[in-house]
Every structure is written in C-alpha cells, then in structure tokens.
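In full-length UniProt numbering, the protein residues as written are 1 to 244.
These notes are about the structure you will find just below.
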C-alpha cells in the first residue's frame, strides 16, 4: 500500500518550516516528513524511515538538509539531503527519545538533545556523520536548542569555536564548542534574582548579541549573550510560548 496524500500536522514545537526555495514547506505527520508545495496542495513528497512519531524537525539555513528525531526506544535521528530526498545518515546514539535537533549556521554541525531519560547532548559532523562531542548526564531536561554562530571573544570578534544555547526545565544555558578538540564548556544564564521558568524554545537575534527564550508561562526571557545576563522578561501570551 502506498501513501498518496497526508492530511494533518503533528503540532510539535517548531515543526513547520518554509523552504528557502520559496516553493515548498515541510512538516511532520506522525512518523513521516511531508514536503508540500505552496502552489499545489496535491503535490506532496513523503520522507519515511522512522518507526515512531517524529518529535522534532530542523531545516538547515540554506535548506540543504533536514534532520528529524523520534520518540521510542530506537530514538534515531535521520538526516536527509533535501534536493535528492535521500537519507544521508541514521544517527542512533540516543535512547528513549529526542527532544530537539538544530543545524549550525554553516551547516557543518548538527546538535541533538535527548529526552529526560536519555539526558545527553551530541554534536555531529555533517561531512561524515561522526560524533564531534557529547555531554552526558544533563542535570535538567532540555527542551530546546539553537546555534548562535561562532563564539566571539571579548572584543566581539569571531573565533573558530561555536556557540549554542539550550533551554528546558528551570534551566537556560550557553555552550561553547571547540570542534577540533571536542571540548564543550557550559555557562548558565545569570538571573540575579531567582526566576522559576520552564523554557520551551530559544532563538538568537540576527546580530547574535541577544538571545530570547520562550516559556510555558507565556513570557519570554531576553538575555545578553556577551555577559550571559538576563535583561528582562516580556509577556507574550497566556498559554505558553512554543516557537520563536
């Protein structure tokens, strides 16, 4: 039996992606990735390879790659070549489920975050599919991850290291990765006064000087990247912020 048309949307956080080609959009439906045409609602392509529901989906900045993670004991991450619609890598290091995946700004790296039971971060080389580094036994459940380009020195000049941020259960954190050595250094956001929030999504501004993080409380935190300090909280809605 062949799947002919998909109706429905999984509704996961940051699950809908507009492709830079201006013609397609991509979303998950159960365990399948749907590539749909903006001009023809009957034109759909299906990427299948998961054996459980897709829990996260990311598109690289130019639209060259797609990465999808799934629930369940297999907890595989599938990396797809968008132009050919072919599977490039099946990454199988996580257990119990994937909470988030994200591509670096230059599309050379992919970061993946496991579920609460898995409690691990992996960074993958997109040239080979090999592991660049890993962080074991996370102290809090991570729900979201986002790259912030190259890490900048005190004079705000780009270095060869990468920066990404994670948000989760009462936790907001920056990570600096040296891709040559695999060294991964974490630093928590400094709030000053106690702020109790669960962070569902994170995003850097285009100039990479500010990071914002949405919460289940309906507000989002604004953080200064250089100092790692919380600046302010802005109310957005009543039922929680799921995407930025």
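From the three backbone atoms N, C-alpha and C, an ideal C-beta is built for every residue, glycine too.
CB of residue i within 7 Å of CB of residue j, strictly
i           : j           : result
residue 81  : residue 91  : no
residue 140 : residue 201 : no
residue 31  : residue 53  : yes
residue 71  : residue 94  : no
residue 214 : residue 238 : no
residue 244 : residue 223 : no
residue 132 : residue 123 : yes
residue 36  : residue 8   : no
residue 6   : residue 34  : yes
Secondary structure of residue i, DSSP reduced to three states
i           : result
residue 196 : coil
residue 99  : strand
residue 85  : coil
residue 136 : coil
residue 17  : strand
residue 72  : coil
residue 67  : strand
Inter-residue spacing [alpha-carbon to alpha-carbon] between residue i and residue j
i           : j           : result
residue 230 : residue 173 : 11 Å
residue 241 : residue 85  : 32 Å
residue 165 : residue 152 : 14 Å
residue 232 : residue 220 : 9 Å
One or two residues paired with residue i in a DSSP bridge
i           : result
residue 187 : 174
residue 46  : 34
residue 203 : 212
residue 224 : 210, 229
Of the listed residues the options, nearest to residue i (C-alpha basis)
i           : options       : result
residue 104 : 135, 79, 60   : 60
residue 108 : 177, 204, 187 : 177
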